[in-house]
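Protein chains in written order, with this note's numbering: chain S, 1 to 265; chain F, 266 to 404.
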């Protein structure tokens, strides 16, 4: 017990379980069974990802997964203290861990916006972000949602600047002029700051889930302390063309909605 | 009582549908040969072996149990899990030490969490709690 052979004959230690090659029909049956348990109609076929490298969202979600698994484990460890090992601190903040405990499901969404809008000097630079929340299963309600952007340290002309970053929800779009916007948050940043910026977009996400036609995305704009509008890249914000593990994304925490539909008396 | 037992086995055998295609004859429950005795097996299901590592991020697999031998389910047109459980009960009465007790009670499964990509490359972390299995089997 305690040792097994994987498909390629290597010895892998899976606590106490034998690992034998499945026959084709067994494989098919097992796949069908697992998909039904996961509640999935078919096996997903995500776009081809760069081999073995995850971008920021899956890395963040993997951290949440490890947090859950280590919590399950810590319950076991409480019962069997001799099994306790040192664990590296999770990436997720304390607040996200609280959301995680409460959630039944967590989803991260890929940014769908294709390009940055750069207008003439009179008009504002801004970056667009769009997320498709239409695939959420019935009955799931957003309990918390965050929009995450990675900011790198700025060198060069703006290295001593302070920036004012604003995140807007796009309320209405117009063909020939700027969209109507609703300010969600504004934040002062130092040029030398580096790390993930989190913005609470729970209310906006709930609106997008309940009324997909209102999902017109987010806009981020940045000004210098003198009020000059600059591009996000100049302020160190990483976009779609940046490092995979620093791509912008949004994450939403869901709970199966407790609302019970009461039949009329 | 020996005669009664033999008559009972004959009756058992005659009530069992013979699956000619498999040519299997039911084992003699009293034979010393325990090779086909009902046993619970453990199997590690690897998502990688299922060729699913492109969409399931974690875990890399899960531990499963299944039973084999006398308590296998010859589920064909005449024998379903419930009937089989009844037959096992009969056998259990006469040879309690030979086979484990059949059980059709709902069985609660461990909670699991799965991390995977959907078709749009969004990532989903889902907790599967309160899962109950209602199948009959050699628990």
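C-beta atoms are modelled at their ideal positions from N, C-alpha and C, and glycine is treated no differently.
First through last residue of the beta strand (DSSP E) which encompasses residue 187 of chain S
Per DSSP, the continuous beta strand (DSSP E) segment holding residue 187 of chain S begins and ends at 180-190.
Helix, strand or coil at residue 101 of chain S according to DSSP, with G and I counted as helix:
In the structure shown, residue 101 of chain S sits in a helix (DSSP, three-state: H, G or I).
Cutoff 6 Å; reference residue 310 of chain S; Cβ partners in own chain excluding five residues on either side
Since the first residue of chain S shown is 1 and the last is 265, residue 310 of chain S is not available in this structure.
Ordered along the chain, which non-local residues of its own chain (more than five positions away) have a Cβ less than 7 Å from that of residue 325 of chain F?
Counting only Cβ-Cβ distances below 7 Å, and skipping sequence neighbours, we find 311, 312 and 313.
Just confirm the distance between the C-beta atoms of residue 247 of chain S and residue 385 of chain F, as a whole number of angstroms; I'd bet it's less than 8 Å.
Rounded to whole angstroms, the Cβ separation of residue 247 of chain S and residue 385 of chain F is 15 Å, and the two are not in contact under 8 Å.
Compare the C-beta of residue 385 of chain F with all C-beta atoms of chain S and state if any pair is closer than 8 Å.
Answer yes: the Cβ-Cβ gap between residue 385 of chain F and chain S drops below 8 Å somewhere.
Beta-carbon of residue 27 of chain S versus every beta-carbon of chain F: anything under 8 Å?
The C-beta of residue 27 of chain S comes closer than 8 Å to at least one C-beta of chain F.
Output yes if chain S places a C-beta closer than 8 Å to the C-beta of residue 388 of chain F; else output no.
Interface flag for residue 388 of chain F against chain S is set, since a Cβ pair is found closer than 8 Å.
Leaving out five residues before and five after residue 392 of chain F in sequence, what residues of the same chain have Cβ atoms less than 6 Å from its Cβ?
A distance below 6 Å between beta-carbons, with the five flanking residues on each side excluded, links residue 392 of chain F to the following residues of its chain, in chain order: 378.
Pairwise C-alpha distance: residue 34 of chain S and residue 286 of chain F:
Here residue 286 of chain F scores only 36 on pLDDT, less than 50, and its place in the model should not be relied on; the value that follows carries that caveat. Cα-Cα distance, rounded: 30 Å.
Cβ of residue 397 of chain F less than 8 Å from any chain S Cβ?
By this cut-off, residue 397 of chain F is not an interface position.
Buried versus exposed call for residue 169 of chain S [16 or more other C-beta atoms within 10 Å across all chains shown]
Buried, by the Cβ-count rule.
For the candidate residues S/98, S/191 and S/181, whose alpha-carbon lies nearest to that of residue 235 of chain S?
When each option's Cα is compared against that of residue 235 of chain S, the closest is S/191.
For residue 58 of chain S and residue 223 of chain S, the rounded distance between their alpha carbons
If you take the alpha carbons of residue 223 of chain S and residue 58 of chain S, they lie about 31 Å apart.
Considering residue 323 of chain F, what are the terminal residues of the beta strand (DSSP E) in which it resides?
Where residue 323 of chain F is concerned, the enclosing beta strand (DSSP E) stretches over 321-323.
Does the region 99-113 of chain S come close enough to the region 227-234 of chain S to have 3 or more Cβ pairs within less than 8 Å?
Three or more Cβ pairs closer than 8 Å define a contact, and the region 99-113 of chain S falls short of that threshold against the region 227-234 of chain S.
Within the 8 Å Cβ cut-off, does residue 108 of chain S reach chain F?
Interface residue, yes.
Counting only C-beta atoms, is residue 132 of chain S closer than 8 Å to chain F at any point?
Chain F places a beta carbon closer than 8 Å to that of residue 132 of chain S, counting this residue as a contact.
Per DSSP, which residues does residue 195 of chain S bridge with? Please list them.
Assignment of beta-bridge partners to residue 195 of chain S by DSSP yields S/151.
Can you find a CB in chain F that lies within less than 8 Å of the CB of residue 65 of chain S?
By the rule that beta-carbons nearer than 8 Å mark a contact, residue 65 of chain S touches chain F.
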